[in-house]
Each structure stands twice: as C-alpha cells, then as structure tokens.
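According to our numbering, the stretch in the sequence shown is residues 1 to 356, in order. See below for the structure under consideration.
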Amino acid sequence: MCSMSRTSPQSICIMRLSAIGDVCHAAAMITRITRAWPECKITWVIGKIEYQLVQGMPHVEFIVCDKKHPQAKAQLKSALQGREFDVLLMMQVALRANWLSTVIKAKKRIGFDWARAKEGHWLFTNRRIAATQHTHVLDGFMQFADAIGVPSQPLAWDIPIQASDRQWAYDQAQAFGPFVIIAPAASKAERNWTASGYAEVMQRLIKTGITPVLCGGPGPVDAQISADITASMSAQNQWTNLVGQTSLKQMLALMSHAQCVVAPDTGPAHMATTVGTPVVGLYAHSNPLRTGPYLSLDHTISVYDEAIEQQFKRPWHKLPWGTRAKGKDLMHGIDVEKVWMTMSQIIEQQSTSVKA
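See the structure below:
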C-alpha cells in the first residue's frame, strides 16, 4: 500500500452522479486512489439510487444528491458549506452535473479533454485529462487518477456487501443449484434484446439442468420485458423472476454465485464485472469496445459494426468515437445460436474450473 507524497492532494471531491454502469467504473478508479493513498480524504457526490450500490466503500465520504430535486443545488451547497478541496474530479459531462458542480470549491477542477467535453463541460473545469482515441469508459475514468499522479494498482472494486445480503444470496444460490442470471432490461426499451430470444436461451438452460434467474430493477422497462419473457416461456415453474424484488446489493451478491450473466448495454452487466462473474453482453446501438463489460469483451455478441456500416456507409473506426447506431429493431439482429454458443462455452469453462 502506497503512502501519499508531499505533492499528493489531501482532499479529493468526485462528481459522478449516475448511471449504475458508470458508477461501477468510477468505483474502480476510486478504489485505485484509496488503496494507493488511504490517508487522502475522498468525497463522492453521487445520485441516490447509485449510492445504494456503493454505500460503505472504505475511505469514502458520500454526499447523496438528488439531481431532480428542485433544491438540489442549494442542498449540495449546504452540505459542502465552508469546505474547499484540493482537487475536484468532474467525471460527468451532463449539463445538470456541470451546473451542480459550481457550488463545489476546489483549487483544481479536472474534467474531460476537448473531444469528450460536451454540454459546456469545459466551462466548469480548469484542467483536462489527456486526449485519447478508442478508449473504454473505464479506462477513460482511470485517466483522472493518472492526472493527479495516483500510482498504478491492480484493477479492483472495493464495493462492500453486507453479511445479511451475502447470506440471502447464498441461500438463493443453494436453492437454485447451478444458475445463470438474465438481466434483460436496458434503460431504453430499444436496447433490449427480444423477449423470444431471452425465452429461448432460458428454455435451453432449463433443459441442461441450469436455472435461469431474471433480475432487474422496479422500473417500467424492466417490468415490461419481464412480462413479455414470461408470456413467451413454455416452462413456467423451472425458473425464477426476481425483477424488481431485490436491492442492488442483493443483486450484486447473487451475481457473485452465478455461472454467468446475460445482459444488454445496462448497469447489471457492469455490476457482474465488479464481482468477477463472466458477462455475455448483447450490443447493437453502442460500441462494446467503449461501453461493454470490461472483463468480458471477448464474450460480447454485437451487431454494432454492421449497423454502423449500414447507417453511415463507413466503419466505426472512421467515425467519432462513441457514435451510436439508431433504430428500434437493431437488437433483433442478435442471433440466438451465437448467444447460446457463447453462454455454453462460459458454463463449460466454469464447470471445468470447479472440478479442477
């Protein structure tokens, strides 16, 4: 464990309110700081839902900010009254986050480089991270640690899980036997795979003696895709639907027992990554090399390249990094057989490693 040098900041504020996947990436960067500089005072301004996932991280003070509250800025100002930080890491470019950051006093305000500084982001910073090309979001977040001189550390996520949540997940896992988590819902319905596709791979799991477990949040998109999958399933009693029934910590704990997680471009894919569970990522609208599950990019099933070629008549690497493909039916291009083959390979590898 490294101690702080004389030039290391004594206090760091991090502005990253949302979303779950990005908060997972930010947690890896913060873990790097806290492991290298445990004496440094870290304050993380974070959204109320996202806080439920990372609550209890060691050496981190959280200030929960409900960005949608009409008094959000005044509340944040009150919470930080009389405080000034050595460094503010502005890890969110959204205008609302930029606006809220104006009440945070800091000598250095480090933001994204010009290419990534959208929505007037550069107006709220006085330093920038290095410009790069074709960088995964997690690697981009790590550039903030680079910018303040944090020594390199092994990639890790110090996201704690309470004993009660671990026990709940263990009990569920014992009841399920071998199981695979399907987290079917992205934030927007068009980024979801088809209900029939999910139902098909779930029924194949059942035939091989593996329990499919649906997981997701309480929102309407999650509820709808869950209902659609249920309607498409022929075997109704050999799988479990936990959509909207778990806390984020419970879901995270349960993921640590799963053989793999199948998910589109959504937060649970990155949650699974933090506990070392392989992820079969399903992508069409965004480049998985940028937003895919960081440790499972080789397992991604993507039609993004084809969609970009069709829409822009050029390959993605000749377009601005992060260019999104558009269309409501792009995810229909993901082939069930490819998903099943990838899942089967992971399950076989997991079984082999357990036997060894």
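Idealized CB from N, CA, C, for every residue including glycine.
Contact set for residue i: own chain, Cβ-Cβ below 6 Å, skip 5 residues either direction
| i | result |
| --- | --- |
| Pro-268 | Ala-183 |
| Val-243 | Leu-214, Gly-216, Asp-222, Ser-226 |
| Val-201 | Val-339, Trp-340 |
| Asp-228 | Ala-195 |
| Thr-240 | Val-213 |
| Arg-127 | Lys-108, Ile-110 |
| Ser-11 | Lys-41, Phe-85, Asp-86 |
Coil, strand or helix - residue i by DSSP
| i | result |
| --- | --- |
| Leu-76 | helix |
| Leu-212 | Here residue 212 is Pro; the residue named in the question, Leu, does not match the sequence. Pro-212 falls in the strand class under three-state DSSP. |
| Asp-86 | strand |
| Phe-312 | helix |
| Val-303 | coil |
| Met-233 | coil |
| Ser-286 | coil |
| Gly-333 | helix |
| Ser-344 | helix |
| Ile-14 | strand |
| Gly-357 | Past the boundaries of the shown model lies residue 357; the chain is included only from 1 to 356, so the question cannot be answered. |
| Gly-21 | helix |
| Gly-281 | strand |
| Gln-71 | coil |
| Lys-355 | Its pLDDT being 44, under 50, Lys-355 is placed unreliably by the model, and the measurement read from it follows with that caveat. In this structure, Lys-355 counts as helix in the three-state DSSP scheme. |
| His-317 | helix |
| Gln-81 | coil |
Per-residue burial, residue i [other beta carbons within 10 Å of its own, 16 or more giving buried]
| i | result |
| --- | --- |
| Met-331 | buried |
| Met-271 | buried |
| Asn-287 | buried |
| Thr-208 | exposed |
| Lys-249 | buried |
| Phe-357 | Coverage of the chain is limited to positions 1 through 356, which leaves residue 357 absent and any answer about it impossible. |
| Thr-266 | buried |
| His-299 | buried |
| Asn-237 | exposed |
| Gly-149 | exposed |
| Gly-21 | buried |
| Gly-292 | buried |
| Arg-32 | buried |
| Pro-70 | exposed |
| His-121 | buried |
| Leu-88 | buried |
| His-285 | buried |
Beta-carbon contacts of residue i that lie in its chain and below 7 Å, excluding the five residues immediately before and after
| i | result |
| --- | --- |
| Val-275 | Leu-252, Met-255, Ser-256 |
Heavy atom of the ligand PLP within 6 Å of residue i beta-carbon
| i | result |
| --- | --- |
| Met-343 | In the structure on display, the ligand PLP does not appear, and there are no ligands present to speak of. |
Own chain residues within Cβ distance below 8 Å of residue i, not counting five before or after
| i | result |
| --- | --- |
| Lys-67 | Leu-17, Ser-18, Gly-47, Arg-96, Ala-97, Leu-100 |
Short CB-CB distance (under 7 Å) between residue i and chain D
| i | result |
| --- | --- |
| Gly-120 | No chain D appears in the structure shown, which is made up of a single protein chain. |
Within 8 Å, do at least three Cβ pairs link the segment 9-29 to the segment 163-172? no
Length at least 4, wholly inside the segment 32-63: the alpha helix (DSSP H) runs in chain order: 48-54
Hey, which unbroken runs of the alpha helix (DSSP H) at 4 residues or more fall wholly within the segment 139-188? 163-176
If we count Cβ pairs, one from each stretch, closer than 8 Å, do we get three or more for the segment 103-117 versus the segment 154-161? no
Counting pairs of Cβ atoms below 8 Å between the segment 344-351 and the segment 249-267, do you hit three or more? yes
Does the contact criterion of 3 or more C-beta pairs under 8 Å hold for the segment 61-77 versus the segment 128-146? no
Can you list the beta strand (DSSP E) stretches of 3 or more residues lying completely in the segment 236-278, in chain order? 261-263
Which whole runs of the beta strand (DSSP E) in the segment 85-131 are 3 residues long or more, in chain order? 105-111
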